[in-house]
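Residue 6 is where the sequence shown starts when you use my numbering, and the numbers rise one by one after that.
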Amino acid sequence: MASDKIITCLWFSDNNAEEAARFYTSVFNSAPGLSESTAPSKILHTQRYPDDPALCHRSEPGSVMVVRFDLRGHPFVGLNGGKQGFGFSHAVSFQVVCDSQEEVDHFWEKLTEGEGATEVECGWLTDKFGVSWQVSPRLLLEYLSCGDPEKTQRVTTEMFKYKKFDIAALTKAFEG
């Protein structure tokens, strides 16, 4: 793991942490542009609730309680904690920085698969589990921090036209 000081914990109220972990690791492992130096995405450990119903926190005895997984070196914990009256929101998202249009297309298409997934705007989407993601070209981040107000304004104007980003259009706007 890249860091064990900060680990993202995702509370799955529908008890689908294991399904989500399998989905996310497959999406990241099948992405274009992976090299041998890229940390693989994988499920590290699955812990089940004990057989004693009193210790199961609104879940079935023997069902999955926690799934530890890793996405390209970023550690996650998926927790099946049962319904508590809250869920995921756009206030927190994971940004996937992409080096090519092929990568943008891959993550966008895969993460918007399934019932409940929605395309938002400006590279944002919500996946079928309700988790928010930003699929952002690395070039966009560079363009927005270039220090030239005119270029930044052109790119910002172009950026607001899209749900899924088009790197060629953003580059054209940047170049004027």
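Heads up, the beta-carbon is just placed ideally off N, CA and C, and yes, glycines get one too.
query	result
Look at arginine 77 and threonine 43 and say whether their C-beta atoms are less than 8 Å apart.	yes
Within 10 angstroms of its Cβ, does alanine 26 collect 16 or more other Cβ (buried), or is it exposed?	buried
With a Cβ-Cβ cutoff of 8 Å, do glutamate 108 and alanine 36 count as a contact?	yes
If contact is defined by three or more beta carbon pairs under 8 Å, each pair taking one atom from either stretch, is the stretch 125-135 in contact with the stretch 49-61?	no
Looking only at its chain, what residues have a beta carbon closer than 6 Å to the beta carbon of glutamate 23, apart from the 5 residues adjacent to it on each side?	Val69, Val72
Count the other C-beta atoms from every protein chain shown that fall within 10 angstroms of the C-beta of serine 40, then say buried if there are 16 or more, exposed otherwise.	exposed
Would you report the Cα separation of valine 102 and tyrosine 29, rounded to the nearest angstrom?	15 Å
Among Thr162, Lys88, Val140, Tyr167, which residue has its Cα nearest to the Cα of leucine 149?	Thr162
Leaving out the 5 sequence neighbours to the left and right, which residues in its chain are closer than 6 Å to threonine 13 when beta-carbon positions are compared?	Phe81
Closest to serine 137 by CA distance: which of Ala96, Ser64, Arg63, Asp75 is it?	Ala96
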